[in-house]
Amino acid sequence: MAGDVLQEVAEAARLREGAEGVRALLRVVHAQGPIRLRDAAIQVRLPLPVAAAVRREMEKRGLLTRDAGMRLSESGRRLAEGDLGIAVTADQTCTTCGGRTIAVGAEHASLLEAMRDALAGRPSADVKLDQSHGTPETALRRALLLSETGLLAGRDILFLGDDDLTSIAAALARRHLGLGDRGRLAVAEVDPRLCEFIRVTAKRLGVGVEVHAADLRQPLPAHLVARFDGFVTDPPYTVPGAALFVSRGVAALRSGPLRTGLLSFGHKDPGTMARVHLHLAQMGLAVVRVLPRFNEYEGAAILGNTSQMIELATSDATRPLVAGAYEGSLYTADQERKMAGPRQPSTGGRSRAGATSSGSGGAKRGSRRKKPKP
Ligand SMILES: C[S@@+](CC[C@H](N)C(=O)[O-])C[C@H]1O[C@@H](n2cnc3c(N)ncnc32)[C@H](O)[C@@H]1O
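If you count by our numbering, then the sequence shown holds residues 2 to 375, one letter each, in order.
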């Protein structure tokens, strides 16, 4: 049975997305083969090592060949077209924005140049803090999204962790778009190198960005609580990471409905995403929209590093899930180490062994496989 083959491949590759994940890859290869593994992995939102494991299992079963990229073998094609009834359909994704809603276009060229200049010389990524460098386009796209949500003009925004310098992008965009300089742009960041770099960069560019040294495992300092209209965060791509950083973001917001949160998060398997969304719902946050592949990270040319943007709105029942100090595992590596032991992380994070796709964060975790991290 065709379904059995897909299931077999999913099990052999230890793919949490199961047979449907294998079918998705098969469908992309059928429609676009020969296709590079990286391009297919981005489309099906699997980290590169995970997609590679599925490819290997499909090859073992004679379903795929490699010839200037992946393509279906004769028996792969028979399986796709016959038993599975997969039809080749045209790509309907918007060609202007690539499905991200926000496009960084020619009209933003000078702004993009300024952002590239701002990012030059930023501290190297500290994998112990799950840092991973977003591209200048990503920082700018986030700033344009902030503009679209109405936050950029005159509202107070807190950036919880900011190795991508989204705060600087917001300040530059505000100036470039003629939005004035009303409204606080504040960063809470644990890495002293980044705190210093953002301060120096803001001064050099003549823009107002406040930087607060803060470890988000501790409650926010009182002067940052209930002072903001919106928050932006790209937390560690673990379930506790999302729960903690969003909790601190919520604590920073003024009370009442329709405050905005922008949460970046990896394209994880459905089980992990369901747990993240459960925590968002427990915090009384509504998901306004999800923009796939919104964020891109350096190394994308090799690894297909992307993550999604989740826009959140507060309700009148919004409250943080984590209110006090947090002492559980948080970072990708900590969680995976912890999973080697007998106990589960308290907020329900769950790792996966082998070639599976929830261990270390969307496609970005692919880059960590080159580093000491998973
Ligand atoms: C967590 S990293 C991005 C992680 C990325 N989404 C991933 O998992 O691949 C984003 C920012 O959060 C900062 N950060 C990490 N841990 C933090 C903490 N405990 N308190 C404050 N900022 C933190 C990092 O220094 C960095 O600037």
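We treat Cβ as the ideally placed atom computed from N, Cα and C, and that holds for glycine.
Keep in mind that this is a model prediction, so the values were computed, not measured.
(1) Count the other CB atoms, across all protein chains shown, that sit within 10 Å of the CB of P241; report buried if there are 16 or more and exposed otherwise.
(2) So which of V128, E312 and A107 has the shortest CA-CA distance to E149?
(3) Measuring straight from C-alpha to C-alpha, what distance separates D182 and R228?
(4) Give every residue of the same chain whose Cβ lies closer than 7 angstroms to the Cβ of P137, excluding the five residues on either side of it in the sequence, and list them in chain order.
(5) Is any non-hydrogen atom of ligand 1 found closer than 6 angstroms to the C-beta of P237, if you look at the structure I gave you?
(6) Spatial neighbours of S76 within its chain, please: C-beta separation below 8 angstroms, excluding the five flanking residues on both sides.
(7) Mind checking whether L195 and V323 have CB atoms under 7 angstroms apart?
(8) Here's the rule I'm using: 16 or more other beta-carbon atoms within 10 Å means buried, otherwise exposed. How should L292 be labelled?
(9) Going by alpha carbons, who is nearest to S248 out of V128, T319 and L26?
(10) Got a sec, what are the start and stop residues for the alpha helix (DSSP H) E299 sits in?
(11) Measure the alpha-carbon distance for D92 versus I36 and round it to whole angstroms.
(12) Can you give the Cα-Cα distance for H31 and G250, rounded to whole angstroms?
(13) Spatial neighbours of L7 within its chain, please: CB distance less than 7 angstroms, with the 5 preceding and 5 following residues excluded, ordered by chain position.
(14) How would you call V29, buried or exposed, if buried means at least 16 neighbouring beta carbons within 10 angstroms?
(15) Nearest-angstrom Cα distance between D317 and E58?
(16) If you measure between the beta carbons of L180 and A154, is that distance less than 7 angstroms?
(17) Under a Cβ-count criterion, where at least 16 other Cβ atoms within 10 Å of its own Cβ denotes burial, should R255 be classed as buried or exposed?
(18) Candidates D157, G151, I103 and G162: which alpha carbon is nearest L309's?
(19) At the level of alpha carbons, what is the spacing between G207 and G162?
(20) Nearest to A110 by alpha carbon, out of R142, G99, V128 and V188?
(21) Take R101 and list the residues in its own chain whose beta-carbon comes closer than 6 angstroms to its own, dropping the five residues that flank it on each side.
(22) Beta strand (DSSP E) containing P267: first to last residue?
(23) Rounded to the nearest angstrom, what separates I169 and A203 at their Cα positions?
(24) Can you name the start and end residues of the alpha helix (DSSP H) that M116 belongs to?
(25) Check whether the Cβ atoms of L1 and I158 lie closer than 7 angstroms to each other.
(26) Is the CB-CB distance between G34 and Y298 below 7 angstroms?
(27) Under 6 angstroms from any heavy atom of ligand 2, does the C-beta of R249 make it?
(28) Any idea if R344 is buried or exposed, counting beta-carbon neighbours within 10 angstroms, 16 or more meaning buried?
(29) Ignore the nearest five residues each way along the sequence and tell me which others in G70's own chain have a CB closer than 6 angstroms to its CB.
(30) From R351 to T94, what distance separates their C-alpha atoms?
(31) Between which two residues does the alpha helix (DSSP H) containing V30 stretch?
(32) Could you tell me how far apart the beta carbons of V191 and A174 are, in whole angstroms, since I believe they sit closer than 8 angstroms?
(33) Can you tell me whether T167 is buried or exposed, with buried defined as 16 or more other CB within 10 angstroms of its CB?
(34) Out of V188, V201 and R205, state which residue places its alpha-carbon closest to the alpha-carbon of L221.
Walking through what the data contain:
(1) By the neighbour-count definition (other C-beta atoms within 10 Å, threshold 16), P241 is a buried residue.
(2) The candidate whose alpha carbon is nearest that of E149 is E312.
(3) Straight across, the Cα-Cα distance linking D182 with R228 is about 17 angstroms.
(4) Answer for P137: L113, M116, R117 and L120, listed in chain order.
(5) Checking the Cβ of P237 against ligand 1 gives yes.
(6) G63 and L64.
(7) 7 angstroms or more divides the Cβ of L195 from the Cβ of V323.
(8) Per the 10 Å Cβ criterion, buried.
(9) Residue T319 holds the alpha-carbon nearest to the alpha-carbon of S248 among V128, T319 and L26.
(10) It is not in any alpha helix (DSSP H) - E299 carries neither H nor E in the DSSP assignment.
(11) For D92 and I36, the distance between alpha carbons rounds to 14 angstroms.
(12) One C-alpha to the other measures close to 43 angstroms.
(13) Spatial neighbours of L7 in its own chain (CB-CB distance under 7 angstroms, excluding positions within 5 residues in sequence) are listed in chain order as A20, V23 and R24.
(14) With 16 or more Cβ atoms within 10 Å of its Cβ, V29 is classed as buried.
(15) It is roughly 49 angstroms from the alpha-carbon of D317 to the alpha-carbon of E58.
(16) Yes, these two residues count as a Cβ contact at 7 angstroms.
(17) By the Cβ neighbour-count rule, R255 is exposed, with fewer than 16 other Cβ atoms within 10 Å of its own.
(18) The question names Leu, but residue 309 in the sequence shown is Gln. Ranking the options by Cα distance to Q309, first place goes to I103.
(19) If you take the alpha carbons of G207 and G162, they lie about 21 angstroms apart.
(20) Comparing Cα positions, the closest option is R142.
(21) Same-chain partners within the cutoff: L292 and F295.
(22) Looking at the sequence itself, residue 267 is Gly, so the reference to Pro does not match. Segment T261 to G267, the beta strand (DSSP E) holding G267.
(23) Using only the alpha carbons, I get a separation of about 7 angstroms.
(24) Per DSSP, M116 belongs to the alpha helix (DSSP H) from A110 to L120.
(25) With the chain covering 2 to 375 only, the question about residue 1 has no answer from this structure.
(26) No, the pair does not count as a contact, with Cβ atoms beyond the cut-off.
(27) What this structure holds is ligand 1, not ligand 2.
(28) Model confidence at R344 stands at a pLDDT of 35, short of 50, so the residue's coordinates are unreliable and nothing is read from them.
(29) Residues P35, I36 and R37 of the same chain have their beta carbon placed closer than 6 angstroms to that of G70, with the five preceding and five following residues left out of the count.
(30) In this predicted model, R351 has a pLDDT of only 26, less than 50, meaning its place in the structure is not dependable enough to derive any value.
(31) Its alpha helix (DSSP H) spans residues G19 to Q33.
(32) Between A174 and V191 the Cβ distance is about 25 angstroms, and since that is not below 8 angstroms, they are no contact.
(33) So T167 counts as buried.
(34) Measuring from the Cα of L221, the nearest candidate turns out to be V188.
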